[in-house]
Structure formats: C-alpha cells, structure tokens
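Quick note, the sequences are listed as chains A and B, same order.
Residues in the first sequence are numbered consecutively from 1138, following this note's numbering.
Residues in the second sequence are numbered consecutively from 1008, following this note's numbering.
For every residue, glycine included, the Cβ atom is placed at its ideal position computed from N, Cα and C.
So the structure is just underneath, and the comments pick up after that.
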Amino acid sequence: GPIKTIIFSQWTRMLDLFEYSLNQYCIQYRRLDGSMSLAARDRAVREFNTDPEVTVMLMSLKAGNLGLNMVAACHVILLDLWWNPTTEDQAIDRAHRIGQTRPVTVSRITIKDTVEDRILALQEEKRKMVASAFGEDRVGVSATRLTADDLRYLFLGS
Amino acid sequence: SSKIKAALEILLSHRESN
C-alpha cells in the first residue's frame, strides 16, 4: 500500500494550521480530534486505512492515543512534545503494533533553545526512572505525575 | 510556522520517494 503518515499535535489549532498547508499542496487527509462524534471518528479512521488517496491523518494527542489500529501508516510525525514520554509512545503505537509489516519511522519536530529542550531532558529522566524500577507502584506514580520539581525545571531550568 | 514547514518537508520527501 501507499506510504501513509499520522501527524500528532496536542493543540487542535495547530492541526487547523496544518490543514491549511495540506490543502495548498493538494494532499488528501482525514482528521481525528475530541470534538468529533464517534461516527465521524470511525469514518475518518476507516477512510484513512482503506482509501489509497488519503495519505495523512491529523490527530490530536489526547483523542488518538489509545486503542486505534492504524497500521496503514508507517510514518509518525509529532509536532510538539508531551512531558510524559509514555503518552507519546502510546500515540506512536497506533502505527507500530501487531499487523504492521513495514518499518515505522518517528519524527519529533522541536525548536532548539526553547522549553522543548528541557521537555526532552525530562522525558529522558522519566524513561530512566521507569526502566530502572519497572513494576514498583511508587515509581509508577511519580513517572505519571508532573512534580513541582519537574515544573521548576521546565520553566526555570536546573 | 517552522514546525509545519519541517513536517511538510518530511511528508513531501516521502511522497516523492513513493
């Protein structure tokens, strides 16, 4: 099948901006965000998975991070970062899951010298923490909650 | 925005190789 791409953002306004560019380049896409009805979401996913002309799916990180099977896509682009890396991983797993036969590429687009550098560092810390003590409840909780120290780090630096 | 430009470049490069 054709190479298809899922594009994630946590802001629907960012998806709006992206739609404008896709229209300019005449690239066919579907969209999935929390404001849509269940029927509209189903239709968007089905058309993305089956229509060869539709090569891009614009998804909000929150609406599209669990359950959906979108192995028609083998390319994932994240337009912005989420401080908890597991949320991003769940989003990427829409394409990288059982049934996928092609290698999946993931691109994270970040802007240098902004708070995003620190979000990347924070993600790395969370990954290390989960990896070092997998299965322990207290660590599990601290890995999924943004602490005061985390916030201080994000906005003020170390 | 620079992010949209970067994402479109990735998208279009895949489209060409396709």
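Quick one: is residue i near chain B, going by C-beta distance under 7 angstroms?
i        : result
S1244(A) : yes
L1216(A) : yes
T1142(A) : yes
F1155(A) : yes
S1158(A) : yes
Identify every residue that forms a DSSP beta bridge with residue i.
i        : result
A1210(A) : K1141(A)
Q1260(A) : None; Q1260(A) has no bridge partner.
R1081(A) : Limits of chain A in this structure are 1138 at one end and 1295 at the other, which puts residue 1081(A) out of reach.
S1172(A) : Per DSSP, none; premise fails for S1172(A).
L1215(A) : F1145(A), R1245(A)
May I ask which residues mark the beginning and end of the beta strand (DSSP E) holding residue i?
i        : result
S1244(A) : 1242–1245
Apart from the five residues on each side of it in sequence, which residues of its chain come closer than 6 angstroms, Cβ to Cβ, to residue i?
i        : result
F1145(A) : M1196, L1198, L1215, A1228
D1170(A) : T1149, S1197, A1200
If I follow the unbroken alpha helix (DSSP H) through residue i, where does it start and stop?
i        : result
Y1157(A) : 1149–1161
I1083(A) : Residue 1083(A) lies beyond the residue range present for chain A, which begins at 1138 and ends at 1295; the question has no answer from this structure.
D1286(A) : 1285–1293
For residue i, which residues from the same chain have a beta carbon less than 7 angstroms from its beta carbon, with the 5 sequence-adjacent residues on both sides left out?
i        : result
I1164(A) : T1192, V1193
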